[in-house]
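Q:
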């Protein structure tokens, strides 16, 4: 019914590239943690690097479970199944690691030609998986389905964010949604918000006015604008919002603007 392979050969690699999407599953070590299973695509965002290594381009999303789990324990399984033609399910078990744009090997990996579903600003990382087991199974229970096309929603959403607030708007989204898993495991390391960088050091990060000021800043100031215009917008936002209600004057502020 099934076959275990010692590597991904050319035939297996060609079969993988002919499928419409793939699935990724990870889990935390804690017994009460949440297992995660995510569809990924297009299939061109997955690349066979060599017979024992695969990698895929990870882009912005509403969570960062896979990244958090890999950083904790490295366990991962990928599944590709045939929705057209002869039935088949292929599972790739392995040890995964997260390569971010700040890492030295990121540029060389990116040059492998991953399909990019949402544009360069929406990239988060490249997930590299060293395979420990490659095996297929019958796939008799997988229904026959016709692949029509990729959805346009993700690139359209990313483009809308860029139009309204530039790259900082996407960074702020990641900051709010991708810093940790739903179980509280650390996921993405992200720079401090613009509002904090402009005001300087000494901020706690939970000031009552900071979130609203950041929203206004990223929503109203294009990335092409310079530092002086950003500072002016920030001054106006903080003046309009005030100290968040219940503040205690200069003691609650890192410094006067």
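Residue numbers (this note's numbering): 137 to 393. Virtual Cβ for every residue (Gly too), placed ideally from N, Cα, C.
Between the C-alpha atoms of residue 399 and residue 142, what's the straight-line distance to the nearest angstrom?
A: Nothing about residue 399 can be read from this structure; the chain reaches only from 137 to 393.
Q: List the endpoints of the continuous beta strand (DSSP E) containing residue 172.
A: In the chain shown, residue 172 corresponds to position 36, counting from 1. That run of the beta strand (DSSP E) goes 172-176.
Q: Using the rule of at least 16 other Cβ atoms within 10 Å of the residue's Cβ for burial, across every protein chain shown, is residue 317 buried or exposed?
A: Reading the chain shown from its first residue, position 181 is the one you call residue 317. With a 10 Å radius around the Cβ and a threshold of 16 neighbouring Cβ atoms, residue 317 comes out buried.
Q: Are the beta-carbon atoms belonging to residue 102 and residue 206 less than 8 Å from one another?
A: An answer regarding residue 102 cannot be provided, because it is not within the stretch 137 to 393 covered by the chain.
Q: What number of angstroms, rounded off, separates the C-alpha of residue 224 from the C-alpha of residue 163?
A: As a working note, residue 224 is residue 88 in the chain shown. As a working note, residue 163 is residue 27 in the chain shown. C-alpha separation (whole angstroms): 25 Å.
Q: Is the beta carbon of residue 217 less than 8 Å from the beta carbon of residue 278?
A: Against the chain shown, residue 217 aligns to sequence position 81. Against the chain shown, residue 278 aligns to sequence position 142. Yes, the pair counts as a contact, with Cβ atoms nearer than the cut-off.
Q: What is the rounded straight-line gap between the Cα of residue 203 and the Cα of residue 324?
A: Here residue 203 refers to the residue found at position 67 when the chain shown is read from its first residue. Here residue 324 refers to the residue found at position 188 when the chain shown is read from its first residue. So the two alpha carbons sit approximately 7 Å from each other.
Q: Looking at the structure shown, is residue 148 part of a helix, part of a strand, or coil, going by DSSP?
A: Within the chain shown, the letter at position 12 stands for residue 148. Note: residue 148 maps to helix in three-state DSSP.
Q: With 16 other CB atoms within 10 Å as the buried threshold, where does residue 308 fall?
A: Within the chain shown, residue 308 is the residue found at index 172, counting from 1. The residue is buried, with at least 16 neighbouring Cβ atoms inside 10 Å.
Q: Quick one: complete alpha helix (DSSP H) runs, 4+ long, within the region 191-260?
A: 201-208 and 242-246
Q: For residue 196, tell me which candidate among 311, 156, 159 and 210 has the shortest Cα-Cα distance.
A: By one-based count along the chain shown, residue 196 stands at place 60. It is 311.
Q: For a test of the three-state rule: what should DSSP assign to residue 379, helix, strand or coil?
A: In the chain shown, the residue the question calls residue 379 occupies position 243. Confidence in residue 379 is poor, its pLDDT being 47 and thus under 50, which makes the residue's placement unreliable; the coordinate value appears in the next sentence. Residue 379: coil per DSSP, three-state reduction.
Q: From residue 221 to residue 275, what distance separates their C-alpha atoms?
A: Locating residue 221 in the chain shown gives position 85, counting from the first residue. Locating residue 275 in the chain shown gives position 139, counting from the first residue. Each residue's alpha carbon lies about 11 Å from the other.
Q: Looking at the structure shown, is residue 304 part of a helix, part of a strand, or coil, going by DSSP?
A: Within the chain shown, residue 304 is the residue found at index 168, counting from 1. Residue 304: helix per DSSP, three-state reduction.
Q: Could you check the C-alpha separation between residue 140 and residue 214 for me, to the nearest Å?
A: Sequence index remark: in the chain shown, residue 140 carries index 4 (1-based). Sequence index remark: in the chain shown, residue 214 carries index 78 (1-based). Straight-line spacing of the CA atoms in residue 140 and residue 214 works out to 15 Å.
Q: Tell me the DSSP secondary structure of residue 165 in three-state form.
A: Within the chain shown, the letter at position 29 stands for residue 165. If DSSP states are grouped into helix, strand and coil, residue 165 belongs with coil.
Q: How far does the beta strand (DSSP E) with residue 403 in it reach, from first residue to last?
A: The requested residue 403 is not part of the displayed model; the chain covers only 137 to 393.
Q: For residue 231, collect the residues of the same chain with a Cβ closer than 8 Å to its Cβ; drop the 5 residues on either side in sequence, then sort them by chain order.
A: For this step, residue 231 is matched to residue 95 along the chain shown. Cβ neighbours of residue 231 beyond the five flanking positions: 210, 211, 212, 265, 266 and 268.
Q: Alpha carbon to alpha carbon, how far is residue 226 from residue 194?
A: Here residue 226 is taken as the residue at index 90 of the chain shown, counted from 1. Here residue 194 is taken as the residue at index 58 of the chain shown, counted from 1. If you take the alpha carbons of residue 226 and residue 194, they lie about 21 Å apart.
Q: Please report how far the alpha carbon of residue 273 lies from the alpha carbon of residue 138, in whole angstroms.
A: Translated into the one-based positions of the chain shown, residue 273 becomes position 137. Translated into the one-based positions of the chain shown, residue 138 becomes position 2. Rounded to the nearest angstrom, the gap between the Cα atoms of residue 273 and residue 138 is 4 Å.
Q: So, with DSSP's three-state summary, where would you put residue 138?
A: Here residue 138 corresponds to residue number 2 of the chain shown, with the count starting at 1. Coil, per DSSP.
Q: What residue range is occupied by the uninterrupted beta strand (DSSP E) comprising residue 324?
A: In the chain shown, residue 324 corresponds to position 188, counting from 1. Residue 324 -> no beta strand (DSSP E), and no H or E assigned at all.
Q: Alpha carbon to alpha carbon, what distance is there between residue 249 and residue 313?
A: In the chain shown, the residue the question calls residue 313 occupies position 177. In the chain shown, the residue the question calls residue 249 occupies position 113. Their backbone Cα atoms lie some 27 Å apart in a straight line.
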